[in-house]
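Residue numbers (the working numbering), protein chains in the order written: chain E, 137 to 209; chain P, 137 to 209; chain B, 32 to 175; chain C, 32 to 175.
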């Protein structure tokens, strides 16, 4: 199982799913209608490290974070 | 009379002289041997305003300051 | 890196950081203090922080600073921060003035662009995401 | 502009400047704190200042800052300042972060180049002009 959490203002409860790559997670998240306004501007972290490659493979227990646009300070 | 003061590390007592322009003051100061190491790297102020024009004319009571290289902070 | 609930005690943080480095022989200390401006009728701003990634972001900057013979520090508020009080302080220490001046600028600008912190306007007790002032992080859109 | 005999009370100055502008609605406050480094066996640095021209230089910068919606402040020591204590603080206040970051850099760099202040190393009680670290002011050489 892969866990997916949605940070800051997205306000969506965490999801769990089976997936072998980040690309698979992306495909499944695009089916969630309440994410349609978010995905194009969100960055992604895998186990708390920012990632940039959809081909990365996943293993059981991995945690994916979805990070919407930021404004610290 | 024009008064000329030497700031910071120059360590020279003020001078008084008659002069009608800054160019005249420059000519007279070049005769002062203890200034030979200073004049090429010093800036000049007239009545506490930085100046950059040798043709400026002077009047009785004017004060000229000679400012050697700086290092504040 | 220091996180606080509510407004920062700016003077305490400034003074303590000064004391911490008082024998480190740095010649330049440049803090950046961010204060909540009164505008658009807000009572406060409010912040969410995702600490694990913020800590990584900060540790990466500490390494970059060390490579330049410098050091960075940072404090940020979590939750509500009233108008005219401080939500954010970062600082650079360096033996060299120019290194410090360039580093504080790149550090603060990258903080604004990539620190995982979300800002909300607080109006009549409501928390409203500051969407228009927010910036997608580097790499955003991977899942689009 | 504030001039002090001996080392600056850095915390007092930082805190007072913060308080002075606490209701001015600036979003960014960037002080630059200059501290005497222990090097080359010096006990202290020592400073001469020509105040009338320093005040003019500072007033010109205050005008430039005002045109950008910002404010500058400055404090400097006169006479001896021991190693590890502060001789110089300048600061920028601005409603805009980027204005503040650019302004503190140009303000401090022009200060180093053109503020009428002379620096001396203090070694074994002797005051030695820091000639090699000093810079001719803009317009130097008029009388050469």
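Don't be surprised by glycine CBs; every beta carbon is placed ideally from N, CA and C.
Keep in mind the model is a prediction, meaning the values are calculated, not measured.
Listing by chain order, which chain C residues have their CB less than 7 Å from the CB of residue i?
i                     : result
residue 177 (chain P) : 167, 171 and 172
residue 68 (chain B)  : 56, 58 and 126
residue 190 (chain P) : 173
residue 150 (chain P) : Simply none; closest approach about 13 Å.
Could you list which residues in chain C have their beta carbon closer than 8 Å to that of residue i, in chain order?
i                     : result
residue 184 (chain P) : 83, 84 and 87
residue 49 (chain B)  : 41, 42 and 64
residue 20 (chain B)  : It is not possible to answer for residue 20 (chain B), since the shown part of chain B is limited to 32 through 175.
residue 76 (chain B)  : Result: empty, since nearest Cβ-Cβ is about 11 Å, beyond 8 Å.
residue 139 (chain B) : 128 and 132
Distance check for residue j and residue i, CA to CA, integer angstroms please.
i                     : j                     : result
residue 201 (chain P) : residue 166 (chain C) : 17 Å
residue 73 (chain C)  : residue 57 (chain B)  : 15 Å
residue 150 (chain B) : residue 102 (chain B) : 27 Å
residue 161 (chain E) : residue 153 (chain E) : 8 Å
residue 71 (chain B)  : residue 40 (chain B)  : 25 Å
residue 9 (chain B)   : residue 99 (chain B)  : Chain B is shown from 32 up to 175; residue 9 (chain B) falls before or after that span and cannot be answered.
residue 142 (chain P) : residue 170 (chain P) : 11 Å
residue 43 (chain C)  : residue 42 (chain B)  : 9 Å
residue 96 (chain C)  : residue 148 (chain P) : 37 Å
residue 188 (chain P) : residue 203 (chain P) : 13 Å
residue 196 (chain E) : residue 145 (chain E) : 27 Å
residue 133 (chain C) : residue 172 (chain E) : 39 Å
residue 164 (chain B) : residue 143 (chain C) : 36 Å
residue 177 (chain P) : residue 175 (chain C) : 8 Å
residue 140 (chain C) : residue 51 (chain C)  : 25 Å
residue 69 (chain C)  : residue 167 (chain P) : 41 Å
residue 156 (chain B) : residue 131 (chain B) : 40 Å
residue 127 (chain B) : residue 94 (chain C)  : 28 Å
residue 199 (chain E) : residue 47 (chain C)  : 47 Å
residue 129 (chain C) : residue 55 (chain C)  : 18 Å
residue 193 (chain P) : residue 163 (chain P) : 14 Å
residue 123 (chain C) : residue 123 (chain B) : 16 Å
Could you check whether residue j and residue i sit closer than 8 Å to each other, using their CB atoms as the reference points?
i                     : j                     : result
residue 87 (chain C)  : residue 185 (chain P) : yes
residue 159 (chain B) : residue 115 (chain B) : no
residue 173 (chain C) : residue 180 (chain P) : yes
residue 105 (chain C) : residue 168 (chain C) : no
residue 113 (chain C) : residue 171 (chain C) : no
residue 209 (chain E) : residue 110 (chain B) : no
residue 191 (chain P) : residue 155 (chain P) : no
residue 80 (chain C)  : residue 148 (chain C) : yes
residue 85 (chain B)  : residue 161 (chain B) : no
residue 89 (chain C)  : residue 45 (chain B)  : no
residue 49 (chain C)  : residue 153 (chain C) : no
Taking residue i as the query, report the chain P residues whose CB atoms sit under 8 Å from its CB, ordered along the chain.
i                     : result
residue 118 (chain C) : 209
residue 142 (chain C) : 208 and 209
residue 164 (chain C) : 207
Residue i and residue j look like a contact to me (Cβ under 8 Å); what is the Cβ gap, rounded to whole Å?
i                     : j                     : result
residue 150 (chain P) : residue 140 (chain P) : 6 Å
residue 182 (chain E) : residue 175 (chain E) : No, residue 182 (chain E) and residue 175 (chain E) are not in contact; Cβ-Cβ is about 16 Å, not under 8 Å.
residue 108 (chain B) : residue 35 (chain B)  : 6 Å
residue 125 (chain C) : residue 138 (chain C) : Not a contact, Cβ separation roughly 11 Å.
residue 62 (chain C)  : residue 62 (chain B)  : 6 Å
residue 118 (chain C) : residue 78 (chain C)  : 7 Å
How would you list, in chain order, the residues of chain C whose beta-carbon sits under 9 Å from the beta-carbon of residue i?
i                     : result
residue 110 (chain B) : In chain order: nothing, as chain C lies at least about 19 Å away.
residue 162 (chain P) : 173, 174 and 175
residue 46 (chain B)  : 41, 42, 45 and 46
Determine the chain B residues that contact residue i at a beta-carbon separation under 9 Å, and present them in chain order.
i                     : result
residue 201 (chain E) : 81, 83, 84 and 147
residue 197 (chain E) : In chain order: nothing, as chain B lies at least about 16 Å away.
What does residue i touch in chain P if you count any residue whose Cβ is under 9 Å from its own?
i                     : result
residue 107 (chain C) : 208 and 209
residue 65 (chain C)  : 208 and 209
For a contact meaning CB atoms closer than 7 Å, what does residue i contact in chain E?
i                     : result
residue 175 (chain B) : 175 and 176
Mind checking whether the beta-carbon of residue i lies closer than 7 Å to any heavy atom of the ligand ATP?
i                     : result
residue 178 (chain E) : Of ligands this structure carries none, so the ligand ATP is not represented either.
Quick one: list the residues of chain E neighbouring residue i, beta-carbon separation under 9 Å, in chain order.
i                     : result
residue 156 (chain B) : Those do not exist, as residue 156 (chain B) stays about 17 Å from chain E at its closest Cβ, beyond 9 Å.
Against residue i, what residues of chain B qualify as contacts under a CB-to-CB distance less than 7 Å, listed in chain order?
i                     : result
residue 181 (chain E) : 84
residue 165 (chain E) : 174
residue 53 (chain C)  : 115
What does residue i touch in chain E if you count any residue whose Cβ is under 8 Å from its own?
i                     : result
residue 161 (chain B) : 207
Which chain B residues sit within Cβ distance under 8 Å of residue i?
i                     : result
residue 145 (chain E) : 79, 149, 151, 160 and 162
residue 100 (chain C) : None at all; the shortest Cβ gap to chain B is about 12 Å.
Practice item. List in chain order: all unbroken beta strand (DSSP E) runs of 3+ residues lying wholly within the segment 69 to 136 of chain B. Key: The qualifying runs are 75 to 80, 101 to 113 and 117 to 125.
Check your understanding: Enumerated in chain order, which unbroken segments of the beta strand (DSSP E) with a length of 3 residues or greater are wholly contained in the segment 140 to 165 of chain P?
Key -> 151 to 153
Practice item. Please list the segments of the beta strand (DSSP E) lying wholly inside the segment 180 to 207 of chain E, counting only runs of 3 or more residues, in order along the chain. Key: 185 to 187 and 199 to 203
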